[in-house]
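> Chains as they are written, first to last, in this note's numbering: chain X, 1 to 425; chain H, 1001 to 1225. Glycine included, each C-beta is placed from N, C-alpha and C at the ideal position. What follows is a single structure, and I will ask about it in a moment.
Shown next as structure tokens:
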């Protein structure tokens, strides 16, 4: 699994050599070996709109323009690994087709020049834990999907499938012909066709970059079990109340979520051929819960997930958002040489001291510095990380704290890449 | 944190305060209900006990023993008991505890995030401030109108996204331009906020958590921190 997308059509010998060298740099970091130089990651989202001189809305809707701008950016900056740029940006048509309710995006709730934003709500009520636990698929079909995407509205009328048998099964499927169900099925098929187009533009872009010598960092994204329940089901405050009011059911659901989240991530990564699984981590920060709550509710199910991914031959890449300094000793407890830990605000030197012999590191140029600072300040920040982490033996993949902030002046991105090459040799 | 003018507490009252402070929601709510609905306790006294419980919660949060989940649950308990107690208040409430100052808070335009703002509002409230929360994605014009009408001592601008840097800068520039900066302080906060952003926006101070917000406000209104 460690050498994805070999023998790509149209890849010249030079491009292949460049591709292999770039990918090897990152894989050396993962294996805790010193790479030939400090690798650089590039993860732009709406920054591309600024870079390409188009609106955020166009970036989300116009596949061809987005691919062209993304290609221009990759070719200008020559990162060792880039993110699945099309997947992260050009989702507008797919979101619209499916009537997605958990995001507001340009033209749908936010202005044409604003990034999409997640709507934190209670998508599952506290009294629904039992339903979800007993029959997750039924809960998805009849309750969750219609709540989060309008194309599924009508699925509430689907029959409960477990228990159907023999002539009960024959009679039980009548609901599929009901007008609301029929309409929903038609909408979902249309939406699926759009998602297929979206996915093929992503595959097209990734293959083209591969042919030109540029590996994609990852294509599969997952979520920690705790964040899965907190962000997408219970909502932030609902989840915090559950730590007291529904503790046992929550723990049971977290255990169950590990299983299906793992199955999905492993299947997706194996199909893509890229071993890295990107996992943005939202609820781990020091300020969000006590060490005891972290070790009771957050970490155990996530650790199981990391081990499951590692056992499947994959490379988990959690992005630890905000400041996770107080978690470092706990999250150290994984097999060495198997993961990339991307840190947002955690002091990278401190992370290196605690985790340097266990994981590769990624990050973490400050978003405020990238957006409001000068190229000289960016240069100094890269130099600091190169000198105090990479050249001291840290297996650092240089990147911004969570990817390139949308408002970053292009000259600061240039300064970042120039400095990484200057100091990371 | 100032001493609450609680007077002497009975064992039962002390128990309520303790259960509230210890996140023992079921027992605390049940006891408060019994006191209010069966034993005819003075609703104002019960609310005072709630404040005493919240005082301890706030202190434990500041000391790093409690985190966001405890603040959220404390807020819930306060709301549940308040909803039972408030309709029982027969006479016009006597002397309300004097507020330390007024804070106007909102999430700047373009940003829809509210969790951090809500936590800050709650902590300011239980620490004795009068707080007016004007919501999320608040246009510059609305901030100006609200400040002009409410005359707060402190304005709090919240934002989670990096786009909030510019929205905060615009809002603060407009506050200056409208002549509304004099005699009041502006604090900013949110996941990406640091000294670089403070200096960029022209705010008086920044904070990364609710304790910072409370200490800043207390310092500014001249209250003991």
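Have a look at X:148, X:305 and X:195 and flag the residue whose alpha-carbon is nearest the alpha-carbon of residue 222 of chain X.
Nearest option by C-alpha distance: X:305.
> Quick one: what's got a C-beta closer than 7 Å to residue 63 of chain X's C-beta in the same chain, skipping five residues either side?
Counting only Cβ-Cβ distances below 7 Å, and skipping sequence neighbours, we find 90 and 201.
> Please decide whether residue 1122 of chain H counts as near chain X, where near means a Cβ-Cβ distance under 8 Å.
No, because no Cβ of chain X sits closer than 8 Å to the Cβ of residue 1122 of chain H.
> With distance defined between alpha-carbon atoms, name the residue in H:1163, H:1124 and H:1102 nearest to residue 1149 of chain H.
The shortest Cα separation from residue 1149 of chain H among H:1163, H:1124 and H:1102 belongs to H:1102.
> Within 8 Å (strictly less), CB to CB, does residue 243 of chain X reach chain H?
Closer than 8 Å: yes.
> For chain H, find out if any of its Cβ atoms is closer than 8 Å to the Cβ of residue 104 of chain X; answer yes or no.
Output row for residue 104 of chain X: interface = yes.
> Mind checking who residue 294 of chain X pairs with in its DSSP beta bridge?
In DSSP, residue 294 of chain X forms no bridge with anything.
> Taking 8 Å as the threshold, find out whether the region 116-123 of chain X comes into contact with the region 1026-1041 of chain H through three or more Cβ pairs.
Output reads no: the region 1026-1041 of chain H does not touch the region 116-123 of chain X.
> Under 7 Å Cβ to Cβ from residue 129 of chain X, same chain only, skipping five residues before and after it: list those, please.
Taken in chain order, the residues that qualify are 246, 249 and 253.
> Which residues, in order along the region 358-389 of chain X, keep a beta-carbon less than 8 Å from a beta-carbon of chain H?
Cβ contacts with chain H: 366, 367, 368, 369, 371, 372 and 373.
> Report, in whole angstroms, the separation of the C-beta atoms of residue 81 of chain X and residue 22 of chain X, which I expect to be a contact under 8 Å.
About 7 Å; that satisfies the 8 Å criterion.
> Please give the ranges of any alpha helix (DSSP H) in the region 219-247 of chain X, keeping only runs that are unbroken, at least 4 residues long and fully inside the region.
Correct list: 225-229 and 236-245.
> Note down, in chain order, every chain H residue with its Cβ under 7 Å from the Cβ of residue 288 of chain X.
Neighbours of residue 288 of chain X on chain H, chain order: 1067 and 1068.
> Give me the Cβ distance between residue 1143 of chain H and residue 1191 of chain H, rounded to the nearest whole Å; I'm assuming they're in contact under 8 Å.
About 21 Å separates the two Cβ atoms, so there is no contact after all.
> By the three-class DSSP mapping on this structure, what secondary structure does residue 80 of chain X have?
In this structure, residue 80 of chain X counts as coil in the three-state DSSP scheme.
> Can the beta-carbon of residue 400 of chain X be found closer than 8 Å to that of residue 361 of chain X?
No; because the gap between Cβ atoms is not below 8 Å, this pair is not in contact.
> Taking only three categories from DSSP, how would you classify residue 315 of chain X?
The answer is strand: DSSP assigns residue 315 of chain X an E or B state.
> Going by other Cβ atoms of all chains shown within 10 Å of its Cβ, with 16 needed for buried, is residue 98 of chain X buried or exposed?
Flag for residue 98 of chain X reads buried.
> Counting only C-beta atoms, is residue 405 of chain X closer than 8 Å to chain H at any point?
Cβ-Cβ to chain H under 8 Å: yes for residue 405 of chain X.
> When you check each C-beta in the region 1149-1176 of chain H against every C-beta of chain X, which residues fall closer than 8 Å?
Listed by position along the chain: 1161, 1162, 1163, 1165 and 1166.
> Does the beta carbon of residue 136 of chain X sit closer than 8 Å to a beta carbon anywhere in chain H?
For residue 136 of chain X, the answer is no, since every Cβ of chain H falls outside 8 Å of its Cβ.
> Against chain X, which members of the region 1004-1028 of chain H pass a CB distance test of less than 8 Å?
Within the region 1004-1028 of chain H, the residues whose Cβ lies closer than 8 Å to some Cβ of chain X are 1023 and 1025, listed in chain order.
> Spatial neighbours of residue 10 of chain X within its chain, please: CB distance less than 8 Å, with the 5 preceding and 5 following residues excluded, ordered by chain position.
Counting only Cβ-Cβ distances below 8 Å, and skipping sequence neighbours, we find 211.
> Listing by chain order, which chain X residues have their CB less than 7 Å from the CB of residue 1076 of chain H?
Within 7 Å Cβ-Cβ: 241.
> Could you check what DSSP says for residue 1154 of chain H in three-state terms: helix, strand or coil?
The answer is strand: DSSP assigns residue 1154 of chain H an E or B state.
> When you compare each of X:296, X:423, X:403 and X:374 to residue 392 of chain X by their alpha carbons, which one comes out closest?
If we check each option's Cα against that of residue 392 of chain X, X:423 comes out closest.
> Which residues in the same chain have their Cβ closer than 6 Å to the Cβ of residue 300 of chain X, if we skip the five residues on either side of it in sequence?
Same-chain partners within the cutoff: there are none.
> So within the region 1038-1096 of chain H, which uninterrupted beta strand (DSSP E) runs reach at least 3 residues, ignoring any that extend past its ends?
Listed in chain order, there is nothing to give.
> Compile a chain-ordered list of the residues in the region 36-63 of chain X whose CB is closer than 7 Å to at least one CB of chain H.
Flagged: no residues at all.
> Thinking just about the alpha-carbon of each residue, which of X:153, X:291 and X:376 is nearest to the one in residue 413 of chain X?
Out of X:153, X:291 and X:376, X:376 has the C-alpha closest to the C-alpha of residue 413 of chain X.
> Starting from the C-beta of residue 1076 of chain H, find all residues in its chain whose C-beta is less than 8 Å away, skip the five residues before and the five after it, and write them out in chain order.
Within the same chain, residue 1076 of chain H has close Cβ partners 1025.
> How is residue 1113 of chain H classed by DSSP in three states: helix, strand or coil?
In the structure shown, residue 1113 of chain H sits in coil (DSSP, three-state: anything other than H, G, I, E or B).
> For a cutoff of 8 Å on Cβ pairs, would you count residue 322 of chain X as touching chain H?
Closer than 8 Å to some Cβ of chain H, the Cβ of residue 322 of chain X qualifies, so yes.
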